[in-house]
Amino acid sequence: MSTGNMNLTLKVWRQKNNKTTGALVDYKLADISPDMSFLEMFDVLNEQLINKGEEPVVFDHDCREGICGMCSMFINGRPHGPKDLVTTCQLHMRSFKDGDTIVVEPWRAAAFPVVKDLTVDRSAFDRVIAAGGFISVNTGNAQDANNLPIPKMQADAAFEAAACIGCGACVATCKNASAMLFVSAKISQLALLPQGQPERYRRVQSMVAQMDAEGFGNCTNTGACEAECPKGISLENIARMNRDFASAKFVSEETV
Amino acid sequence: MSDLNSNIPEGELTNKWTKFKSSVALVNPSNKRSIEVIIVGSGLAGASAAATLAEMGYKVKCFCFQDSPRRAHSIAAQGGINAAKNYQNDGDSTYRLFYDTIKGGDYRAREANVHRLAEVSANIIDQCVAQGVPLAREYGGLLDNRSFGGTQVQRTFYAAGQTGQQLLLGAYSALERQIGMGKVEMYTRHEMLEVVKIDGKARGIIARNLITGELERHFGHAVVLGTGGYGNVFYLSTNAMGSNVTAAWKAHKQGAYFANPCYTQIHPTCIPVSGDHQSKLTLMSESLRNDGRIWVPKKKDDNRKASEIPEDERDYYLERRYPAFGNLVPRDVASRAAKERCDAGYGVGASKLAVYLDFKANTERYGKIEASKAGIHNPDKETCMRLGTAVIKEKYGNLFDMYAQITGENPYETPMRIYPAVHYTMGGLWVDYNLMTSVPGLYCTGEANFSDHGANRLGASALMQGLADGYFVLPYTIGAYLSKEISVKAIPTDHPAFVEAEAKAKGILDTLINIKGTKSVDHFHKRLGHIMWEKCGMARNAEGLNEAITEIRALRAEFWKDVRVPGTSDELNTELEKAGRVADFIELGELMCIDALNRNESCGGHFREEYQTEEGEALRDDVDYAYVAAWEFKEGVNFELHKEELKFENIKVAQRSYK
Numbered sequence: 001m002s003t004g005n006m007n008l009t010l011k012v013w014r015q016k017n018n019k020t021t022g023a024l025v026d027y028k029l030a031d032i033s034p035d036m037s038f039l040e041m042f043d044v045l046n047e048q049l050i051n052k053g054e055e056p057v058v059f060d061h062d063c064r065e066g067i068c069g070m071c072s073m074f075i076n077g078r079p080h081g082p083k084d085l086v087t088t089c090q091l092h093m094r095s096f097k098d099g100d101t102i103v104v105e106p107w108r109a110a111a112f113p114v115v116k117d118l119t120v121d122r123s124a125f126d127r128v129i130a131a132g133g134f135i136s137v138n139t140g141n142a143q144d145a146n147n148l149p150i151p152k153m154q155a156d157a158a159f160e161a162a163a164c165i166g167c168g169a170c171v172a173t174c175k176n177a178s179a180m181l182f183v184s185a186k187i188s189q190l191a192l193l194p195q196g197q198p199e200r201y202r203r204v205q206s207m208v209a210q211m212d213a214e215g216f217g218n219c220t221n222t223g224a225c226e227a228e229c230p231k232g233i234s235l236e237n238i239a240r241m242n243r244d245f246a247s248a249k250f251v252s253e254e255t256v
Numbered sequence: 001m002s003d004l005n006s007n008i009p010e011g012e013l014t015n016k017w018t019k020f021k022s023s024v025a026l027v028n029p030s031n032k033r034s035i036e037v038i039i040v041g042s043g044l045a046g047a048s049a050a051a052t053l054a055e056m057g058y059k060v061k062c063f064c065f066q067d068s069p070r071r072a073h074s075i076a077a078q079g080g081i082n083a084a085k086n087y088q089n090d091g092d093s094t095y096r097l098f099y100d101t102i103k104g105g106d107y108r109a110r111e112a113n114v115h116r117l118a119e120v121s122a123n124i125i126d127q128c129v130a131q132g133v134p135l136a137r138e139y140g141g142l143l144d145n146r147s148f149g150g151t152q153v154q155r156t157f158y159a160a161g162q163t164g165q166q167l168l169l170g171a172y173s174a175l176e177r178q179i180g181m182g183k184v185e186m187y188t189r190h191e192m193l194e195v196v197k198i199d200g201k202a203r204g205i206i207a208r209n210l211i212t213g214e215l216e217r218h219f220g221h222a223v224v225l226g227t228g229g230y231g232n233v234f235y236l237s238t239n240a241m242g243s244n245v246t247a248a249w250k251a252h253k254q255g256a257y258f259a260n261p262c263y264t265q266i267h268p269t270c271i272p273v274s275g276d277h278q279s280k281l282t283l284m285s286e287s288l289r290n291d292g293r294i295w296v297p298k299k300k301d302d303n304r305k306a307s308e309i310p311e312d313e314r315d316y317y318l319e320r321r322y323p324a325f326g327n328l329v330p331r332d333v334a335s336r337a338a339k340e341r342c343d344a345g346y347g348v349g350a351s352k353l354a355v356y357l358d359f360k361a362n363t364e365r366y367g368k369i370e371a372s373k374a375g376i377h378n379p380d381k382e383t384c385m386r387l388g389t390a391v392i393k394e395k396y397g398n399l400f401d402m403y404a405q406i407t408g409e410n411p412y413e414t415p416m417r418i419y420p421a422v423h424y425t426m427g428g429l430w431v432d433y434n435l436m437t438s439v440p441g442l443y444c445t446g447e448a449n450f451s452d453h454g455a456n457r458l459g460a461s462a463l464m465q466g467l468a469d470g471y472f473v474l475p476y477t478i479g480a481y482l483s484k485e486i487s488v489k490a491i492p493t494d495h496p497a498f499v500e501a502e503a504k505a506k507g508i509l510d511t512l513i514n515i516k517g518t519k520s521v522d523h524f525h526k527r528l529g530h531i532m533w534e535k536c537g538m539a540r541n542a543e544g545l546n547e548a549i550t551e552i553r554a555l556r557a558e559f560w561k562d563v564r565v566p567g568t569s570d571e572l573n574t575e576l577e578k579a580g581r582v583a584d585f586i587e588l589g590e591l592m593c594i595d596a597l598n599r600n601e602s603c604g605g606h607f608r609e610e611y612q613t614e615e616g617e618a619l620r621d622d623v624d625y626a627y628v629a630a631w632e633f634k635e636g637v638n639f640e641l642h643k644e645e646l647k648f649e650n651i652k653v654a655q656r657s658y659k
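From first to last, the protein sequence lines are chains D and Z.
Going by full-length UniProt numbering, the residue at position 200 of the first sequence is 200; the numbering climbs one at a time, nothing skipped.
Going by full-length UniProt numbering, the residue at position 36 of the second sequence is 36; the numbering climbs one at a time, nothing skipped.
Structure, rendered in structure tokens:
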């Protein structure tokens with residue numbers, strides 16, 4: 001069993017609710033183990049706060065294995081912290097040094113208002129999906145799964161786009177707070193598959209319209225989203241979405 | 001013996017479901033529009049049911065405690081989903097899937113439910129592919145399969161190590177489509193705190209808006225709980241941090257029987273505990289056992305590195321004990337075998353509570369195949385390992401990355417260290433064939449019910465059951481009830497039953513806030529988990545269970561005197577949420593021990609040390625215990641046992657053998 005020996009200073013964003021303003025508050029932590037996850041380090045902080053009679057820091061988290069997309073801390077200026085291709089829950093304290101000062105903030109974007117402390121409201125993502133991120137097939141409509149062979153390369157490419165966990169790191173890191181990586185990942189997944197073709201151009205128009213309505217910014221090809229995405233979602237998806245969006249005006253008879 | 005009616009249709013096993021579907025009463029489209037259904041939970045079982053019922057025309061309200069329905073813990077399922085498609089031409093069939101599931105469950109599941117599950121399994125794959133779920137494919141463009149424990153065919157469909165994610169996102173997209181059309185009202189960050197009953201029927205729920213703390217009343221002609229399992233009663237488990245029993249437990253306290261609570265699945269391949277700070281355990285998918293060989297050193301207390309232990313000094317104990325199934329024995333068997341080796345002093349790693357899962361042999365084998373494909377004859381070992389590693393990476397890359405991230409070790413170079421951990425709960429709310437609990441109008445689907453896995457669930461069957469219930473079973477069976485409710489108008493939520501239920505929920509919240517004790521919620525949760533793991537975990541005995549019951553009762557009393565919940569109830573208060581959940585876990589923990597104590601036999605995940613064969617295998621007692629134990633909640637946290645006899649008319653009950 002590991003015993004910890006790291007001493008840390010945390011600067012954590014505290015904000016009571018979306019009606020108040022927030023501020024960074026300093027906390028000292030001692031005896032942190034390098035084998036702890038970043039969120040387990042926050043558990044230690046919260047236990048300490050509760051024992052002192054103070055209110056714990058509220059942060060979103062659930063599966064703690066990097067797949068649910070719920071954890072969302074902005075750590076030292078980077079979403080999900082310093083390591084590439086991991087979520088905050090999979091970030092471990094061995095990525096930090098004894099004596100470090102760590103600044104932890106919530107996702108910052110107009111479309112992701114702060115709810116409390118490090119928790120933000122990402123329901124805008126759900127509304128973008130509801131606008132068209134699906135194939136319209138009711139339960140019971142399906143034919144035998146193997147009646148539709150799909151080349152492996154194509155299926156694998158769709159899977160890679162589908163690996164998005166909807167955490168919002170792409171938005172948080174983008175200077176324009178653009179959601180294009182998230183939106184284009186879903187559009188690509190379905191555009192790459194034969195099942196997605198009937199609604200392909202309708203979908204891209206509806207989802208982009210909803211994305212704009214939610215107040216996400218535009219893409220200026222900086223590529224921070226791809227660099228910070230814990231699942232390695234590729235910028236190519238944005239190119240594909242833009243192509244489909246442009247084509248939609250010519251190819252599709254429907255406008256949405 | 002039975003005093004419970006499971007409402008299994010008459011007739012031949014293979015015709016029951018077909019006959020049921022063609023004779024069940026229907027609700028006409030215009031009536032559906034005025035019938036409201038509440039679904040609690042948005043995982044595979046909840047989201048699929050919500051989407052399907054809305055497609056059929058019902059008015060649906062769906063609730064989840066997370067910030068989005070896409071976060072439900074189904075998302076973390078890794079390995080795959082079973083379906084009797086027989087695409088591999090290896091002799092699979094509906095009957096074989098049915099048989100494997102009954103046998104895997106150690107003959108403690110209901111035949112009719114399991115056969116129905118096997119029947120609809122193929123439809124699930126069709127539906128998911130139609131939704132655009134990118135399941136793994138072969139170069140010919142057709143779907144790929146792999147093997148899972150407890151079977152000798154390849155019937156598991158998968159999407160890398162993220163099958164649950166892809167299936168859930170499929171169900172989520174179907175759900176969001178209905179939300180977009182206004183046919184489902186979605187309530188995220190809402191937690192159900194009470195079931196509302198009127199004239200004995202479930203007619204709604206009280207839910208807490210977790211952001212504002214406000215208690216809300218919601219009416220439904222029927223209520224469906226798809227709220228997942230209760231593995232977090234052990235504190236450490238592979239469940240998500242928020243997974244809880246509260247919705248099911250509140251239903252239990254309103255008269256829904258809780259069945260087989262002691263049936264807990266301890267998964268054999270999880271990353272071992274690394275320290276006291278541990279908040280959860282991470283699974284390494286069972287699919288890894290396709291390509292990994294499990295071993296420990298032959299010598300006790302062998303402190304050499306894995307790579308320094310020569311082949312003939314390794315004990316591949318699963319292959320030794322179970323030659324027919326080898327590394328692919330069911331989970332309960334594999335877990336106990338790992339515990340046996342570690343208890344006997346052969347464990348590895350710093351804690352000695354781990355065994356090796358080694359991919360070397362199969363990496364080399366794959367490498368040879370790849371070399372041959374590339375026209376390299378007689379490849380050297382290094383080439384084989386390099387090419388083979390690429391194959392392993394494609395199959396399990398995300399799992400290997402996760403392992404490396406958590407442990408700081410490279411699993412491509414050294415074998416993984418693994419140990420069993422709490423993963424799934426086969427027990428849950430008792431339901432009849434229609435998935436209705438003992439409260440009329442209250443349904444339960446997915447892991448939250450007890451129905452299909454008996455005493456042990458086979459790998460890749462949880463996703464199958466969740467989606468079977470939500471897409472293909474409940475939407476039919478609920479019609480049998482709702483067709484009689486068409487004349488019932490929506491009941492206004494100022495009805496006294498709603499007022500009373502809300503007052504009750506508020507009372508509990510106020511009490512928790514006002515205790516103002518000295519110890520955090522986690523403090524109590526960890527202590528409960530410790531009792532459960534030590535005395536109601538992988539192995540149980542009467543003495544330990546009796547002690548556990550006494551200790552849990554004392555813990556409950558202490559909790560209600562000394563828990564500290566900071567903040568107020570009219571704001572986002574995660575400690576308050578946890579406190580309510582832990583309070584329910586404490587009561588459930590006691591019931592689990594009572595159930596384990598009552599069942600004087602070993603079966604599946606329930607291993608009573610007093611009841612084992614000379615070789616250490618589970619020893620069932622089919623004469624006295626071939627029943628479902630369904631517990632009724634009685635005032636003051638007491639429980640009364642009801643029994644549903646299990647009749648095996650199509651399968652010969654035998655001692656389970658994987659040798």
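We treat Cβ as the ideally placed atom computed from N, Cα and C, and that holds for glycine.
Asked                                                                                                                     : Found
Three-state secondary structure (DSSP) of R243(D)                                                                         : helix
Residues near S68(Z) by beta carbon distance below 7 Å, same chain, minus five either side                                : T188
Any 3 or more C-beta pairs closer than 8 Å across the stretch 199 to 209 of chain D and the stretch 162 to 169 of chain D : no
Reduced DSSP secondary structure (H/G/I, E/B, other) of L85(D)                                                            : coil
Extent of the continuous beta strand (DSSP E) run through G46(Z)                                                          : Per DSSP, G46(Z) belongs to no beta strand (DSSP E); it is in the alpha helix (DSSP H), L44 to M56.
Contact with chain Z by residue 259(D), beta-carbon distance below 7 Å                                                    : Within the shown structure, residues of chain D are numbered from 1 to 256, placing residue 259(D) beyond reach of any answer.
Residues that W295(Z) bridges to, as DSSP identifies them                                                                 : Y356(Z)
Buried/exposed call for S22(Z), threshold 16 Cβ in 10 Å                                                                   : exposed
Unbroken stretches of the beta strand (DSSP E), 3 residues or longer, contained in the stretch 52 to 107 of chain Z       : 59 to 63
Burial state of S37(D) (16 or more Cβ within 10 Å)                                                                        : buried
Local Cβ density within 10 Å of I369(Z), reported as buried at 16 or more and exposed below that                          : exposed
Rounded separation between V439(Z) and R127(D) - CA only                                                                  : 35 Å
Contact set for I67(D): own chain, Cβ-Cβ below 7 Å, skip 5 residues either direction                                      : I165
Alpha-carbon spacing of L591(Z) relative to R320(Z), whole angstroms                                                      : 37 Å
C-alpha gap between R217(Z) and H495(Z), whole angstroms                                                                  : 10 Å
Whether K11(D) touches V103(D) by CB criterion (7 Å)                                                                      : yes
is_contact[Q165(Z), chain D] using C-beta, thresh 7 Å                                                                     : yes
Within chain D, the residues that A374(Z) reaches when beta carbons sit closer than 9 Å                                   : By Cβ distance, chain D contributes nothing, its closest Cβ being about 18 Å from A374(Z), past 9 Å.
Cutoff 7 Å; reference D301(Z); Cβ partners in own chain excluding five residues on either side                            : G345
Pair within 7 Å by beta-carbon distance, A161(D) and N237(D)                                                              : yes
A110(D) (DSSP reduced to helix, strand or coil)                                                                           : coil
CB contact flag (K186(D), G232(D), <7 Å)                                                                                  : no
Meets three-Cβ-pair contact criterion under 8 Å: the stretch 514 to 532 of chain Z and the stretch 575 to 585 of chain Z  : yes
Span separating the alpha-carbon of D60(D) from that of N573(Z)                                                           : 12 Å
Spatial neighbours of F607(Z) in its chain, beta-carbon cut-off 8 Å, leaving aside the 5 residues before and after        : D332, R336, M538, A539, R540 and A618
Beta-carbon proximity of L442(Z) to V223(Z), cut-off 7 Å                                                                  : yes
Partner residues on chain Z for G166(D), Cβ-Cβ distance less than 9 Å                                                     : S68, R70, R71 and L169
Beta carbon proximity, F20(Z) to chain D, threshold 7 Å                                                                   : no
Per-residue contacts from T574(Z) into chain D (C-beta, under 8 Å)                                                        : P56 and V58
Continuous alpha helix (DSSP H) stretch holding L475(Z): start and end                                                    : Inspection of the sequence shows that residue 475(Z) is occupied by Pro rather than by Leu. Where P475(Z) is concerned, the enclosing alpha helix (DSSP H) stretches over L474 to L482.
Same chain, Cβ closer than 7 Å to L545(Z), neighbours up to 5 away in sequence not counted                                : K535, C536, C593, A596 and L597
Own chain residues within Cβ distance below 7 Å of N7(Z), not counting five before or after                               : D432, Y433 and N434
Per-residue contacts from Y47(D) into chain Z (C-beta, under 9 Å)                                                         : One point to set straight first is that residue 47(D) is Glu, not Tyr, in the sequence displayed. Here the neighbours are S520, D522 and H523.
Alpha helix (DSSP H) segment containing M192(Z), residue limits                                                           : No alpha helix (DSSP H) contains M192(Z), which is instead part of the beta strand (DSSP E) from H190 to I198.
Three-state secondary structure assigned by DSSP to V24(Z)                                                                : coil
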